[in-house]
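In my numbering, the protein residues as written are 91 to 249.
Virtual Cβ for every residue (Gly too), placed ideally from N, Cα, C.
Report on one structure; see the data block that follows.
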């Protein structure tokens, strides 16, 4: 069975735009680079040609990756909105019960996760622990760096 990619409709639009750019503008740019490099003569010792072909390989790899994501995408908006429970697309404020530090996270699919921007995947240890919880619930996160206890302060749908 093919892997499903849980993404928001906004992420879907971003991927479609990127795919269009790669298949049109970027592909033409790389084709021009290859043509220019070919004009330099002997291809066996032509580093510009090798670099352009490597760039082309990366381009086709990224195009294939995006097409795979799009063909197996599952849109996840408003999954648990009526229940007030944490789900994909939710913004949650949590408190670390050991340190008292409060942090706000957005729970996303793995394709959108970016821990540096507080976007955590539902497949991460934190995501698996918090999904399905409601405001006021406490939960234990079993992370590679150790376990810690958290409390859900609020759950919202704002992004």
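Taking the Cβ atom as the reference point for each residue, do residue 244 and residue 185 lie within a distance shorter than 8 Å?
Counting from one through the chain shown, the residue named residue 244 turns up at place 154. Counting from one through the chain shown, the residue named residue 185 turns up at place 95. The answer is no: Cβ separation not under 8 Å.
Continuous alpha helix (DSSP H) assignments of at least 4 residues falling wholly in the stretch 120 to 195
137 to 161
Boundaries (first-last residue) of the beta strand (DSSP E) holding residue 239:
Taking the first residue of the chain shown as 1, we reach residue 239 at position 149. Note, residue 239: beta strand (DSSP E), 236 to 246.
If you reduce the DSSP assignment to three classes, tell me which class residue 93 lands in.
Numbered from its first residue, the chain shown carries residue 93 at position 3. Residue 93: coil per DSSP, three-state reduction.
With DSSP collapsed to three states, give me the class of residue 211.
Within the chain shown, the letter at position 121 stands for residue 211. Residue 211: strand per DSSP, three-state reduction.
Comparing alpha-carbon positions, which option in 164, 128, 106 lies nearest residue 94?
Stepping through the chain shown from its first residue, residue 94 is reached at position 4. Ranking 164, 128, 106 by Cα distance to residue 94 puts 164 first.
For the pair the stretch 141 to 160 and the stretch 118 to 125, tell me if three or more CB-CB distances fall below 8 Å.
yes
Can you tell me the Cβ-Cβ gap for residue 181 and residue 192, rounded? I've got them flagged as a contact below 8 Å.
Reading the chain shown from its first residue, position 91 is the one you call residue 181. Reading the chain shown from its first residue, position 102 is the one you call residue 192. The Cβ separation is near 13 Å, so there is no contact.
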